[in-house]
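Participant: Below you'll find the structure I mean.
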Amino acid sequence: MRKFVRVVAWELKNIARFPIVEVLLALLVFQVMSSTLVNARSISRTYFPFDEFPQGLMLSDLVRQIATDLAGAFISTSFIGVVSATMLFSYQYETGLTKFYMSLPIKRTNFFLAKLLACFLVPFLMLVAVGCTAELFLNPVSVLFLFSAPMVLARALLIIGEMVLFVIAVSISLSILSHNTAVSFISSLAILYGLTLVSGSIGVPILPPASFSQGLWSFLFYSQRDFWSTYPGWTGAGTLALTPTVTLILLVVSYFYFSRRLNL
Amino acid sequence: MNIPFKLLLRIGILLMAAGSAILGAVLMSTRFPYSESGSSQLAAYGKDGNIRYLNVRNYEERILVPMDFTGSFSIYDYEGMRKLWNGLNEPQMVFAVDGPTVMDFIPSYRGFYLLILRSEYSEMVNLEQSFVAKSGVEPDSLRDGALVVVSGLVFSLIVGVAGKITQQRAQRSERLR
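Protein chains in written order, with this note's numbering: chain F, 63 to 326; chain S, 44 to 220.
What follows is the structure in structure tokens.
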């Protein structure tokens, strides 16, 4: 376990070279804040009779809005995920670092899991940090009741987590299969950007990023009856299940290729 | 004590990067006006309550009611809401509504506010409300964005200077040895 944590820390150090994190964070903060600052202005709801103090309601409204904007920051998240995955997989393979690491007494499974965890943590923690910053910036009073609606926070984290996992699954699989930094970087970004264009042009939010920002979002933040009436039957099931299934398949294929087939 | 100067310097630079992005986002996105309108019915001696997120900028509330209508429009901030919940009616601002009225106000800080229109009229009325956020830069958002940049800069400078001094002292003591 100790060895595993050390490998994760080492991989995180590899990604967080100056000034990669700074540039990516600025990009993400700008994209999320510029939409949140505008969208927060329309947060309003009828509240009468005044029979319950609305602090949980105020927090959940803002967190719900920020979750939408974080899920809408798919391109920035893709960029961060692709940079992390490409650096840890194809770049290290190309420069011979993977061969060097494999000579150390670490199992390939642990090595893969450490890289996967490092790739996941960088964009995920960035999104969480940006979300908290946006919440405190928009409503400084909310520092007093940040945990008064824990389920709302958990739902927001679930959407962000699923989005990050999908992005890195696409990028890791392309990095491992191509063994080439430029090819994996460009093709991952092209696929993720293409998905953004396609999912915006079809009416049903079955493809990412609409499956996060519309499908999963409305399933978690609105009543499930509303969700199933808007997306009945297979449409709703596909909206919820397609992206996690594809993510899982990509990660399993990447794992087996990395641990069994990768020629050093 | 081994102080991780490099890590602290990175934190300062990250703060500067995030602050610059916030400043840019504030300048790019908050200058534009915004308006909303709706209609409903207000019962005799009834109330119409609305919780709304407001920034520090000029707002205009337009209320269209019959000419002989009388009532009041109150705005409660976070503390005001807490007090109201405990039975104390202490709004941050109160406006008299005698017939169709236009009210201008600037909230004192950004956050959630409760806006209540109370009717003192003996009949049910058709109520039309328009809410306009006028154009203009939000000074408090700009100030807070700049504060993050400056605090990152000051933090980086302090850590950078302290790191340099520590390094020089270590080199000097090594030379003396």
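Positions of the beta carbon are idealized from the N, C-alpha and C atoms, including for glycine.
Can you pull the chain S residues whose beta carbon is under 8 Å from the beta carbon of Y109(F), in chain order?
Facilitator: Here residue 109(F) refers to the residue found at position 47 when the first sequence is read from its first residue. Those are G92, N93, I94, L157, listed as they occur along chain S.
Participant: Is any beta-carbon of chain F found at less than 8 Å from that of I65(S)?
Facilitator: Start at 1 with the first residue of the second sequence, and residue 65(S) comes out as number 22. Interface residue, yes.
Participant: Which residue from A218(F), E73(F), T258(F), D123(F) puts its Cα closest to that of S204(F)?
Facilitator: To locate residue 204(F), count along the first sequence from 1; it is residue 142. Cα-wise, what sits closest to S204(F) is D123(F).
Participant: Measuring alpha carbon to alpha carbon, tell me which of Y164(S), G142(S), A87(S), F138(S) ends up nearest M110(S).
Facilitator: Numbered from 1 along the second sequence, position 67 holds the residue referred to as residue 110(S). Comparing Cα-Cα distances from M110(S) to each of Y164(S), G142(S), A87(S), F138(S), the minimum goes to G142(S).
Participant: Hey, is the region 46–53 of chain S in contact with the region 166–174 of chain S, meaning 3+ C-beta pairs nearer than 8 Å?
Facilitator: These segments do not touch.
Participant: Counting only Cβ pairs nearer than 8 Å, list the residues of chain F close to D187(S).
Facilitator: To locate residue 187(S), count along the second sequence from 1; it is residue 144. In chain order: F199.
Participant: Does T139(F) come within less than 8 Å of chain S when only Cβ atoms are used?
Facilitator: Against the first sequence, residue 139(F) aligns to sequence position 77. No, T139(F) does not count as interfacial toward chain S.
Participant: Excluding the five sequence neighbours on either side, which residues of its own chain have a C-beta within less than 6 Å of the C-beta of G193(F), listed in chain order?
Facilitator: The residue you call residue 193(F) lines up with position 131 of the first sequence. Excluding sequence neighbours, G193(F) sits near I128, L132.
Participant: Leaving out five residues on either side along the sequence, give the residues of the same chain with a beta carbon under 6 Å from the beta carbon of S78(S).
Facilitator: For the purposes of this step, residue 78(S) is taken as the residue at position 35 of the second sequence. Excluding sequence neighbours, S78(S) sits near V175.
Participant: For the region 49–58 of chain S and the region 200–215 of chain S, state whether three or more C-beta atom pairs, one from each stretch, are separated by less than 8 Å.
Facilitator: At 8 Å Cβ cutoff, the stretches touch.
Participant: In angstroms with no decimal places, state the Cα-to-Cα distance between Y293(F) and I264(F).
Facilitator: Here residue 293(F) refers to the residue found at position 231 when the first sequence is read from its first residue. Here residue 264(F) refers to the residue found at position 202 when the first sequence is read from its first residue. Approximately 14 Å, taken between the alpha carbons.
Participant: Exposed or buried, K65(F), counting other C-beta atoms within 10 Å across all chains shown (16 or more means buried)?
Facilitator: In the first sequence, the residue the question calls residue 65(F) occupies position 3. Exposed is the call here.
Participant: Is it right to say M225(F) is buried, meaning 16 or more other beta carbons lie within 10 angstroms of its own, or is it exposed?
Facilitator: Against the first sequence, residue 225(F) aligns to sequence position 163. Per the 10 Å Cβ criterion, buried.
Participant: With a cut-off of 8 Å, does the C-beta of T130(F) fall near any C-beta of chain S?
Facilitator: Taking the first sequence and counting its residues from 1, one reaches residue 130(F) at position 68. It does not: the Cβ of T130(F) has no partner Cβ on chain S nearer than 8 Å.
Participant: Comparing C-alpha positions only, which one of A299(F), L257(F), L251(F) sits nearest to S277(F)?
Facilitator: The sequence position of residue 277(F) within the first sequence is 215, counting from 1. Correcting the residue identity first, residue 277(F) is Gly in this sequence and not Ser. Cα-wise, what sits closest to G277(F) is A299(F).
Participant: How many angstroms separate the CA atom of S216(S) from the CA atom of A78(F)?
Facilitator: Within the second sequence, the letter at position 173 stands for residue 216(S). Within the first sequence, the letter at position 16 stands for residue 78(F). So the two alpha carbons sit approximately 33 Å from each other.
Participant: At 9 Å on the CB atoms, spell out the chain S contacts of M225(F), in chain order.
Facilitator: Counting from one through the first sequence, the residue named residue 225(F) turns up at place 163. Ordered by position in chain S, no residue passes the 9 Å Cβ test against M225(F), which lies about 20 Å from the chain.
Participant: List the whole-angstrom C-beta distance separating S261(F) from A272(F), where the pair is believed to meet the contact cut-off of C-beta under 8 Å.
Facilitator: Residue 261(F) sits at position 199 when you count from the first residue of the first sequence. Residue 272(F) sits at position 210 when you count from the first residue of the first sequence. Yes, they are in contact, since the Cβ atoms of S261(F) and A272(F) sit about 4 Å apart, within 8 Å.
Participant: What did DSSP end up calling D111(S) once you bin it into helix, strand or coil?
Facilitator: Stepping through the second sequence from its first residue, residue 111(S) is reached at position 68. Coil.
Participant: Residues of chain F with CB closer than 9 Å to the CB of G154(S), please, in chain order.
Facilitator: Indexing the second sequence from 1 puts residue 154(S) at position 111. In chain order: M120, L200, N201, P202, V203, S204.
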